Amino acid sequence: MLRLVDEDGQPAVIGLSRGLWLNLSDFVGEMKSLGKAEPTEGKQGSAEGSQLGFPRNWPAAYSSSSLKALIGKRGVLPGKRVAVAGGPSEEEKKVLKPLSFEARPFPQSFSNAQFIAKLQPGLSIVRGWVVWEWLDQEPGKFLAQRYWWNSHHDGRWVDFTPRPSGIDQLLLVEAEGERDKEPKELQVLSRAQAELTNQLLSRFAPEPHGPHSPCVKEQPAQKLQAKPQAKSQAKPQATPQAAKALDYSKWSNIVDSDEEQDEQGGFRDEDVGVKDLAEGPRGTAKKEPPIPDYLLGSTNGGGGTNCLTSLVKMLDSEQTQENAHQLAQVFGRTFHSAMLDKARQDFYKKALEAMKEVAKDAYVVILGIGSLLPMLRVAHSFSGVLLESSAKLADLAQQLLSSNQVGTHLKVAVVKALDDHEAVQEALQQHVPAGSCTVVVLTERMAHDLLSNGIVPCSLAVHEALRKLVPSARIRHIPQTVELLVAPAEIRSDRLKDFDIRPFNALRHTSSNDKADFWWWPVRMDNQQNTVCSVLGPSKTLCGFDFDRAPEIALDEVRRPLKLQASQRGRCNCAAVWWVAKFQDLEYSTRPLMAGRGVDQKDRAQQRSEWKQAIHYLAGETALFPGDVIELLVSITPRFTFRMMQQSPMSVEAPLWVQAPTNSKFSATLPILPYHFLMMTDLERLRVYQDALRDAIRNQSKKLGRRCRVLDAGCGIGLLGLSAALEGAEVWLCEAVPLMRHVCREVVAANAGLVAEKRGLVQLLPPMMSTRLHTEDVPKFDIVVSEVMDLWCLGEGIIPTMRHAHKKLLAEDGVMLPGKLQIYAQPLELSLWSEVEQKEQLELSMLTQQFKNKFSALRIDQFAHRFLTEEPILALEIDLSDVPPQPAEGEANIEGGVKLCIRMGGKPALRAKVSSTKIDHRGMLSGYGIWWSADLRNGHSVTSDPRNPQRSWKQLVRWLDQPRPVEQNEEIQVSWTDWQAPPGGGGASK
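The sequence shown begins at 1 in the UniProt record's numbering and counts up by one.
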C-alpha cells in the first residue's frame, strides 16, 4: 500500500497530517483516464484503467502538434526549458548521503525539492511539470503533472524523487509563467487527495512490495486500500530514423521505384469531391520521404540572421570558398541597389552639402563602406577616415579612392569590430586631428528593421571615442536621428482566379523552434500583386535614437506593451515596421507608399528603395473595425532587433502544425522560402497551366470516352490538380514535403464544394515523391502534369520526375505536361554598374573583379541591357518522353560526334550540345542571358523568358570572365559546358 509522509517524515494521516499534496488542479491535459476504474484488490494499472508512461516515439513526439499544444511556447503550459532527466548520478547521491536525507515517495516531489534546497544551498528548486503519455490509447494523449526538482548552479538538473516502477526517465518541463511557478501551500491531507495519489500510482507498472510496504492511515481508523493491478508494459514503438535531406540538383539522389520493392495497397475511387488517401487502411506504409533542402524554410528574416556583421566575417574568412558565389551575389546586389536608391543618395548628398556650408573644415568619420557613393563624396570635399571591419571591403575602398583619384584626404583603417570601443578609439587616435572643431560621423548601417546591422552600438562607440579624443569638438551625426515606426497591417492571400487559397496564409505566420523565435520578415509592401495588402491604422513610434545625444542612449533590452488602433476594416495578421532617418530638415524613410505622405509619392514610386519593410507576422489573424485596438508585447534590443507578441485575443490562431524547420546547418525563421509567396500569386503562371490542362483533358476525354485520370507530381498546394478537377478529371495529388502537403490538404478542403459541383475528383496521396509511385498504388494516368522547374529549369528534378512518369505511370496514349524542355541563351550587353558610372562619372570596374560571379539570378528587364542577336540560341532541347540513359563515366555525350564527356552536377550530363550563331549588333559582350521554355502542348508553354509577364522565375546570366567587344556578323559558339548548375543552385533561386 502507498505511504505518504508529512513534513516531519511521519506516516500521513487523513484529516491530520500537513504537507504539500497533489490536487486535481496540478494536472493538465488528457484527464479522462485518471479517474477511471477504481483499482481492484491486489492489482495495479488494471485493464479497466489506462497506463501512463514516458512519451512514446521520443524524440519525434516532441514535434507532434498535441505535445506542442500542451508545452510549446504557445501551448497551455508554455515551457521555458524541456529536457529528459534520468536519476541522480552516484556523485550526486554521495553529496546527500551525509545529510541523512530520505526521499519522500514519487507523488511528493514538492517536499523532496524543497528539503534538498534547504539541506544543500547549491541546489535550487525548479518548478514545472512532468509529462506522461497514456500508453494504451492512440498516440498523442498527454497528461502534465505538476512536479518540482532541483538544479545545480551551472543549470544542470537533478531529480532525487523516486520514480514509479519501470520509469527510468522523465520528460520535465520548466514552467515559463509566474502562475505555474507559485509555491504550494501546506494543507491537511484530505481523502480526495489521498485517493487522487492512489489513482495516479495505479496507472504505472506494479511496485515491488516488501517489509517496508508503505501505507496511508485515515482518521478515523478506515484504511485506504492501494489496489495494485498487473498489467503488461505497452510495447514501445521503434523510433524512425531521420531521412537524409534530399538535394534535387543531384539526380542520383532521387529514388526511382525500380530501386525498391515496396508493396502498397491501391487507391481508387470513382466518386466526386475530395479525399485524403493517407486516412484509413493503406496497407504497408512506406518510409517517410526526405525533404529537399531548398524547401526547408529560409533564414532571410529576423534579428540579424543574415546581418552585415555575419556576412563580413564570412567574407574575410579563409573558409569561404564554398560560399564565395553566394557572398559575391549578396554584396554585388547590395551595392547595386544601394547606389541606385535615389532617395538614399540624395539624403546623404544634401546632408554633406549642408555640413559643408556650416563647417567646411569638418573632419568626417565614416562607419563602414556603405553604398560607396557617400564615401566618395566625402573624399571629394572633406578630410576624414573610413573605419571598416572587413579587410576585403577596406581594400575595395582603397581601390575605389585610388582609381577615382580622390584618396588624398580620406584614409582607410581596419578595426576588429565597429562596436568595439577600445578598437575604435585606437584607430581614431591615429587619424583624428587633435584640434578638430567639428567631427561628423556618417553611417549607412541601417537594415530593413533599422537595428540589425548595428547602427546604434557602432554610432555610440565612435561618439564615445571622439568625446575622449577631442573633448572640445562638436560631434554631428548623419543621420542625426533615426526612428522606428509600427502600424497594424494585413498581408494575405485570398483568392487566385477560381480558388480559395486562404489556408496558404498559415505559412505567413512566424514560427518558433529551438533556434529561432518570432522574427520579422522583409517584405516590399508596395509590390504584393494579387494579394490583400494594406496598412490598417496610423503608425506609432516603436523606438527612436538621437545620436548627437549618444551618451544618453542605453543598449539594454526594453520590454513594453504597445497598443495599435485600426482606422479601417481588415484582418490584421502582422505589424508593419519601417524607419525614418533625419538630418536637419532632410528625411530618408522606408515608409511604404500606401502609408506615405502625399507629395513625394510620385517621385518615390519611380525610384525603388533598396529597403523593404520589416513585417512581423503575428501568431494569427484578428478581425478589425475602425477604432479597434491590437495589444502587443514588444521587446526592443538596440544592438540587435525587436520582437513582438500579440497579447489581445485573435479571431483565428495560427495552426500548431506550422513550424519553421531547424537542422544542423541552419534554423529557419519562416517555414518556406519567399519565392513560394510569389509563385502562389502568379496569375500568368496559373493561367497558362489552366489553359493547357483544359485543352489536354478535353482532347483525352473525347478520345477515351471517359473522364481523364490526372497526376499532379510535386503538387505544392494543389492548384494545378484542382484546375484539372474543375474540368471534370479524376486527379491524384502527390507532394513529398509534409508541411506543404498539409497546406495542400487545407486548400483542397476549402475548394471541395467547387470540385464536387464540376463533377471532378481530387485524391491526395500520402506524402511521397512521385518517383516512388507504382501502378500497384495508382492506375495508369492519361495526363501527368508537373511544375518542378527552377530558374535554370533542371534543378528541382523535372527530368527524373517525368522520366519515371513516362516509364511507369503514363497510359499508352497518355500525355505529359510539359512534354519538352528548351533552354535558350542569348548574347547580352549588360553592366551592373554602367548607369552609376555614367551618371556620377566614376570608375567602378573593380567591383566586378572583387565580387566576381559565374552566374547571377536577375530579372534582366529591370536592368539597362541590349541583346546582341535578334533571336536566342537554342542551347539544349530535351524530349521528356525520350530522355537518354545516364552516360557512363567518361562516355562521350556531346552531339555531333565530338569525343568529350561533359559533366553536370558532379556526374556526366545526359546530353551536351555546341551551338553557333552570328552577332547581329556590335557591342560589348558581357555574357549570356539564359532562360527556358516548357512545352505544354496545343500551343501552350510556360517560360522564364524576360519578355514574359510571369513573376515566378528570374533569368540566369552567365558572365564572361572578361567582357569583350564583338562585331556584327562575328560568329560565336555556345556550348552546354557553360550551363552547369550555379553554386548553391536549385530551387532556392527561383
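Even glycine gets a Cβ: it sits at the ideal position worked out from N, Cα and C. These numbers were taken from a predicted model, which means no experiment stands behind them.
Contact check, residue i vs residue j under 8 Å by CB: the rounded distance?
i	j	result
Ile491	Gln529	No, Ile491 and Gln529 are not in contact; Cβ-Cβ is about 12 Å, not under 8 Å.
Pro655	Ala473	Their Cβ separation, rounded to whole angstroms, is 58 Å, which puts Pro655 and Ala473 out of contact at 8 Å.
Arg922	Glu967	5 Å
residue 998	Arg445	Examination of residue 998 is not possible in this model, given that the chain is present from 1 through 990 alone.
Leu371	Arg333	In the sequence on display, residue 371 carries Ser and not Leu. So it is not a contact: roughly 12 Å between Cβ atoms.
Gln659	Ser63	7 Å
Trp134	Gln145	Incorrect: roughly 13 Å between the Cβ atoms, too far for contact.
Ala12	Leu4	4 Å
Pro671	Leu764	Their Cβ separation, rounded to whole angstroms, is 19 Å, which puts Pro671 and Leu764 out of contact at 8 Å.
Ser834	Val957	Contact doesn't hold; Cβ gap of about 14 Å is too wide.
Mind checking whether residue i and residue j have CB atoms under 8 Å apart?
i	j	result
Ala489	Val535	yes
Val731	Asp712	yes
Leu143	Leu201	no
Gly927	Gln955	no
Ala614	Leu564	no
Ser952	Arg685	yes
Trp149	Val158	yes
Leu315	Ser390	yes
Lys540	Leu485	yes
Gln169	Phe54	yes
Ile823	Trp932	yes
Leu828	Leu868	yes
Which partner residues does residue i have in the DSSP bridge list?
i	result
residue 993	Look at the range of the chain in this structure, 1 to 990, and you will see that residue 993 is not part of it.
Cys734	Ala713
Leu925	Arg964
Cys543	Leu484
Gly75	Beta-bridge pairing links Gly75 to no other residue.
Ser472	Partner(s): none; Ser472 has no beta bridge.
Cys574	Ala489 and Tyr617
Glu174	Arg81 and Gly128
Leu386	Ile366 and Val412
Gly53	Glu133
Val312	None; Val312 has no bridge partner.
Asn150	Ile125 and Val158
Thr917	Ile972
residue 1012	Past the boundaries of the shown model lies residue 1012; the chain is included only from 1 to 990, so the question cannot be answered.
His477	Val441
Looking only at its chain, what residues have a beta carbon closer than 7 Å to the beta carbon of residue i, apart from the 5 residues adjacent to it on each side?
i	result
Asp691	His940
Phe504	Ser493, Met680, Ile717, Val743 and Val747
Cys458	Leu367, Leu418, Asp419, Thr443 and Arg445
Phe335	Ser371, Leu372 and Leu847
Ser701	Arg707 and Cys708
Lys356	Ser381
Val523	Ile491, Lys612, Gln613 and Ile615
Glu259	Any reading at Glu259 must be qualified, since the residue scores a pLDDT of 35, below 50, and its modelled position is unreliable; the value itself is stated next. Excluding residues within five positions, none has a Cβ falling inside 7 Å.
In chain order, what residues of the same chain have a beta carbon less than 6 Å from the beta carbon of residue i, not counting five sequence neighbours either side?
i	result
Val441	Val365, Val462 and His477
Arg741	Glu735 and Pro767
Glu970	Ile919
residue 1015	There is no way to answer for residue 1015, as the model of the chain reaches only from 1 to 990.
Glu837	Leu844
Using C-beta distances below 8 Å, list every residue in its chain close to residue i, excluding the 5 sequence neighbours before and after it, in chain order.
i	result
Ala434	Leu469 and Val470
Pro236	Below a pLDDT of 50, predicted positions are generally treated as unreliable, and Pro236, at 38, falls in that range; the measurement from the model is reported next regardless. These residues qualify, in order along the chain: Arg56.
Phe106	Thr161, Pro162, Arg163, Pro164 and Leu201
Leu70	Val28, Gly29, Val76, Leu77, Val131, Phe142 and Ala144
Arg745	Asp276 and Leu764
Trp657	Ser65, Leu739 and His742
Worksheet item: Is the segment 838-847 in contact with the segment 916-931, if contact means three or more CB pairs nearer than 8 Å?
Response: no
Worksheet item: With a cut-off of 8 Å, do at least 3 Cβ pairs link the segment 781-795 to the segment 807-815?
Response: yes
Discussion item. For the pair the segment 452-459 and the segment 408-426, tell me if three or more CB-CB distances fall below 8 Å.
Written reply: yes
Worksheet item: Between the segment 348-359 and the segment 856-874, do three or more beta carbon pairs fall short of 8 Å?
Response: no
Worksheet item: Is it true that the segment 629-641 meets the segment 717-727, where meeting means three or more beta-carbon pairs spaced less than 8 Å apart?
Response: no
Worksheet item: Can you find at least 3 beta carbon pairs, one from the segment 608-619 and one from the segment 579-598, that sit closer than 8 Å?
Response: yes
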